[in-house]
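Top line first, the protein sequences correspond to chains A and B. Sequential numbering from 235 applies to the first sequence in our numbering. Sequential numbering from 235 applies to the second sequence in our numbering. So the structure is just underneath, and the comments pick up after that.
Number of protein chains: 2
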Amino acid sequence: MAGGIGSRFWPLSKDNCPKQFLDILGTGKSFIRATFERFLPVVPAKNFVVVTNAAYKALVLEHLPELRENQVLCEPMRRNTAPCIAYATYHILSQCHEASIAVTPADHLVTNEREFQRVIGEGLDFVEHKREALMTIGIKPSRPETGYGYIEVDEVRDGIVPVKSFKEKPDLETAKKFLAAGRYFWNSGIFLWSSDAIMNAFKSHLPDMVNLFDEGKPLFGTDKEQDFINRQFERCENISIDYGVMERSHSRYTVAADFGWSDIGTWGSLYTHAAHDGAGNAATGHAVLVDTTGSVVNIEKGYEAIVQGMDHCLVALRDHSLLVCRLDDEQQIKHWVEKL
Amino acid sequence: MAGGIGSRFWPLSKDNCPKQFLDILGTGKSFIRATFERFLPVVPAKNFVVVTNAAYKALVLEHLPELRENQVLCEPMRRNTAPCIAYATYHILSQCHEASIAVTPADHLVTNEREFQRVIGEGLDFVEHKREALMTIGIKPSRPETGYGYIEVDEVRDGIVPVKSFKEKPDLETAKKFLAAGRYFWNSGIFLWSSDAIMNAFKSHLPDMVNLFDEGKPLFGTDKEQDFINRQFERCENISIDYGVMERSHSRYTVAADFGWSDIGTWGSLYTHAAHDGAGNAATGHAVLVDTTGSVVNIEKGYEAIVQGMDHCLVALRDHSLLVCRLDDEQQIKHWVEKL
Chain A
235 MAGGIGSRFW
245 PLSKDNCPKQ
255 FLDILGTGKS
265 FIRATFERFL
275 PVVPAKNFVV
285 VTNAAYKALV
295 LEHLPELREN
305 QVLCEPMRRN
315 TAPCIAYATY
325 HILSQCHEAS
335 IAVTPADHLV
345 TNEREFQRVI
355 GEGLDFVEHK
365 REALMTIGIK
375 PSRPETGYGY
385 IEVDEVRDGI
395 VPVKSFKEKP
405 DLETAKKFLA
415 AGRYFWNSGI
425 FLWSSDAIMN
435 AFKSHLPDMV
445 NLFDEGKPLF
455 GTDKEQDFIN
465 RQFERCENIS
475 IDYGVMERSH
485 SRYTVAADFG
495 WSDIGTWGSL
505 YTHAAHDGAG
515 NAATGHAVLV
525 DTTGSVVNIE
535 KGYEAIVQGM
545 DHCLVALRDH
555 SLLVCRLDDE
565 QQIKHWVEKL
Chain B
235 MAGGIGSRFW
245 PLSKDNCPKQ
255 FLDILGTGKS
265 FIRATFERFL
275 PVVPAKNFVV
285 VTNAAYKALV
295 LEHLPELREN
305 QVLCEPMRRN
315 TAPCIAYATY
325 HILSQCHEAS
335 IAVTPADHLV
345 TNEREFQRVI
355 GEGLDFVEHK
365 REALMTIGIK
375 PSRPETGYGY
385 IEVDEVRDGI
395 VPVKSFKEKP
405 DLETAKKFLA
415 AGRYFWNSGI
425 FLWSSDAIMN
435 AFKSHLPDMV
445 NLFDEGKPLF
455 GTDKEQDFIN
465 RQFERCENIS
475 IDYGVMERSH
485 SRYTVAADFG
495 WSDIGTWGSL
505 YTHAAHDGAG
515 NAATGHAVLV
525 DTTGSVVNIE
535 KGYEAIVQGM
545 DHCLVALRDH
555 SLLVCRLDDE
565 QQIKHWVEKL
């Protein structure tokens, strides 16, 4: 899934180059490239399917030149994750009769790739054999994070366990209770299932969406697929896979993984994961920081900056756009960009 | 005089485009262009002589296309105002036997041009008839400014009066006394004199410099002038006209002018003279200011900016360089730029 526009990272991510195509952490790879390479030991390149906005098709192929053009599926508009996954599933089933499928956002950070591959491999084995299972990768929480949804389990065991419930983003007090209880994991948004399991779940919980896609079933995998999607996709309910399927299902599993995961969803999370100087600043690019503490400074290549007298601020310059703000207020970025 | 590099206005002014060539206030004209037009009713275009660094000759001719190339004199290196003025005087005397001369920086602001022209016209009449007089334009002070030198007079009268003494930049307490006394004016750095008066003053007070220039006297105004200057100029004493001549002279005059003058020497002074929004911000360029007060935001054309949560700060983006700092600390800009 690589269709997001990542407005929370403005000006680094913008409509014309959203977060998944950026190397925000300076690792030398964009998020989508890193995601591809992270899955490559488990999934052969020919089996990847990228769903993105039509506007980003060329960018996807640029970042993943190993893919053929027909491995990049184009949404004509954003309709959240359930229609995205339904589209991909119909496309995959046009290529093969059954499949074990991993669904993943293309803009997350994983620092322990070997452990990631182990967890994904085990999970795919599990869903291949337990063919009704819908599995979500849980992440062992390291702090009372209020920015993520949580997965509740009945009892903590090693390995794959049933899900008791899904919890929306909690307030801080609740998040602290979750952390203390030890039975709550962060919802990574990474899913594993067999094609049978997800198709049956769509049929049970989102039958209208199934009817919409069934109308064009013979067209998937042909040169008429895109036309059909362009016509039908708008009619899909705008709903996430979490609300639309996972919360309504009774065969849900998770595993408490620990592979250095972050969705890097905010400048603050970037700050958490980036290297800091002695004054607690995370700076990238050609910048001199003077009397500045606890700040994120992100300067585009080819530019130079002096940042002085700032505390817990964000200074980001990219693509002819500059953001100077307090890190504490970054959740407002979207509104400021609208004003601009 | 248009040879300065204006490092205090980084990143707007830089070595490759110093302050005199910028339209910092957004008036539609660079400072040098505005200075030229301000003098044009008093001095015909063919009588202008611009002294600048060799690196800026093309820029001068671009901003003042009315000038011929030989009206732009090039210093091979910076040597302060006394050698600059001596060079120009020798050049002028190669073109005519006597002249009334106005010497002016090319990067000041004047808001009442008509009053300016009246004052300059009267002053030039004065020095034409009182041929030994060295005249400095004084400015009636409006605040206890510590960033300017002061001119002391014995008694305050309308019109042109003798100078008692020149005072260096005072501390705040002294500046307050100057303001209260009413006998102290800001030193604008604009001078008026006859060619006889300034040549005699150079001979009396800077005889070594006169000897240096005399060696090439027949070469001024010829195609050998530049070669001669390139060889000799380095040997000139690095001294200002104020220290080298004015403070040592006994025939000094001034006038207390009031034509809306500022040397716009700092971001703070720019803030003083620019238009403010309701929150006391002076912003130019495409910028959205949120929860920001008393700040200067200066964004280059073609860029956009969001500035949030700042108070008494400076955000300036120009020529691939960004400065974010506290306005109170702007006197340190030069040091930060050196670090960068």
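All C-beta atoms in this analysis are idealised placements derived from N, C-alpha and C, irrespective of residue type, glycine included. If you're wondering where the values come from, they're calculated on a predicted model, not measured in any experiment.
Next on the checklist: Quick check: Thr380 of chain B and Leu406 of chain B, are their CB atoms within less than 8 Å of each other?
Outcome noted: yes
Item to check | Residue-chain proximity (Gln542 of chain B, chain A), Cβ-Cβ < 8 Å | outcome: yes
Next on the checklist: Cutting at 6 Å between CB atoms, please list the residues of its own chain near Ile540 of chain B, excluding the five before and the five after it.
Outcome noted: Val522
Checklist entry - Count the other CB atoms within 10 Å of the CB of Gln565 of chain B; is the residue buried (16 or more) or exposed (fewer)? => result exposed
Item to check | Under 9 Å from the C-beta of Glu538 of chain B: neighbouring residues of chain A | outcome: Pro245, His554, Ser555, Leu556 and Leu574
Item to check | Beta-carbon neighbours of Val524 of chain B, restricted to chain A and to distances below 8 Å | outcome: Cys559, Gln566, Trp570 and Lys573
Next on the checklist: Please report the distance separating the alpha-carbon of Lys280 of chain A from that of Pro299 of chain A.
Outcome noted: 11 Å
Item to check | Identified DSSP bridge partners for Glu386 of chain A | outcome: A:Ser399 and A:Tyr418
Next on the checklist: I want to see whether chain A comes within less than 8 Å of Asp188 of chain B, judged by CB atoms only; does it?
Outcome noted: The requested residue 188 of chain B is not part of the displayed model; chain B covers only 235 to 574.
Checklist entry - Thr323 of chain A and Ser429 of chain A look like a contact to me (Cβ under 8 Å); what is the Cβ gap, rounded to whole Å? => result 6 Å
Next on the checklist: Strictly below 7 Å CB to CB, what residues from chain B border Val549 of chain A?
Outcome noted: Val558
Item to check | When A:Arg242, A:Lys291 and A:Trp244 are compared against Ile266 of chain A, the one with the closest alpha-carbon | outcome: A:Lys291
Checklist entry - Buried or exposed: Pro441 of chain A, going by 16 or more other Cβ atoms within 10 Å of its Cβ? => result exposed
Next on the checklist: For Asn532 of chain B and Val524 of chain B, what's the separation of their Cα atoms in angstroms?
Outcome noted: 15 Å
Checklist entry - Out of A:Thr526, A:Gly502, A:Ala516 and A:Asn515, which has the shortest C-alpha to C-alpha gap to Ile567 of chain A? => result A:Gly502
Item to check | Residue nearest to Gly393 of chain B in terms of C-alpha spacing, selected from B:Asn434, B:Gly455 and B:Thr488 | outcome: B:Thr488
Item to check | First through last residue of the alpha helix (DSSP H) which encompasses Ser429 of chain A | outcome: Ser429 to His439
Checklist entry - Mind checking Pro317 of chain A: buried by the 16 CB within 10 Å criterion, or exposed? => result buried
Checklist entry - At least one CB of chain A closer than 8 Å to the CB of Asp545 of chain B: is that the case? => result no
Item to check | For Ala508 of chain A, the three-state DSSP class (helix, strand or coil) | outcome: coil
Checklist entry - At a Cβ cut of 9 Å, what residues of the region 423 to 434 of chain B count as close to chain A, listed as they run along the chain? => result none
Checklist entry - Do you know offhand how far Arg348 of chain B's Cα is from Glu271 of chain B's? => result 11 Å
Item to check | Every unbroken beta strand (DSSP E) inside the region 256 to 337 of chain B [3 residues or more] | outcome: 284 to 287, 306 to 309 and 334 to 337
Item to check | For Arg486 of chain B and Leu368 of chain B, believed in contact at Cβ under 8 Å, the rounded distance | outcome: 5 Å
Checklist entry - Just checking my contact of Leu295 of chain B with Val277 of chain B at CB under 8 Å: how many whole Å lie between their CB atoms? => result Not a contact, Cβ separation roughly 18 Å.
Next on the checklist: Considering only the alpha carbon of each residue, which of A:His363, A:Val353, A:Glu356 and A:Trp420 lies closest to Glu386 of chain A?
Outcome noted: A:Trp420
Item to check | His520 of chain A - containing alpha helix (DSSP H), residue span | outcome: Looking at the DSSP string, His520 of chain A is not in any alpha helix (DSSP H); the run it does join, the beta strand (DSSP E), is His520 to Val524.
Item to check | Thr526 of chain B versus Asp562 of chain B: straight-line alpha-carbon distance, rounded | outcome: 16 Å
Checklist entry - Going by C-alpha distance, which of B:Val390, B:Ser264 and B:Asp461 is nearest Ile498 of chain B? => result B:Ser264
Checklist entry - Which one or two residues does DSSP pair with Ile371 of chain A in a beta bridge? => result A:Val489
Next on the checklist: With three or more beta-carbon pairs closer than 8 Å as the criterion, would you say the region 425 to 439 of chain A touches the region 359 to 366 of chain A?
Outcome noted: yes
Next on the checklist: I'd like to confirm the pairing. Which residues does DSSP put opposite Val558 of chain B in its beta bridges?
Outcome noted: A:Val541 and B:Val549
Item to check | Val530 of chain A - partner residues in DSSP beta bridges | outcome: A:Ala516 and A:Leu548
Checklist entry - Under 8 Å between C-beta atoms, does Asp511 of chain A make it to chain B? => result no
Checklist entry - Does the distance from the CB of Val353 of chain B to the CB of Ala508 of chain B come in under 8 Å? => result no
Checklist entry - Under the rule that 16 or more other beta-carbon atoms within 10 Å means buried, what is Pro339 of chain A, buried or exposed? => result buried
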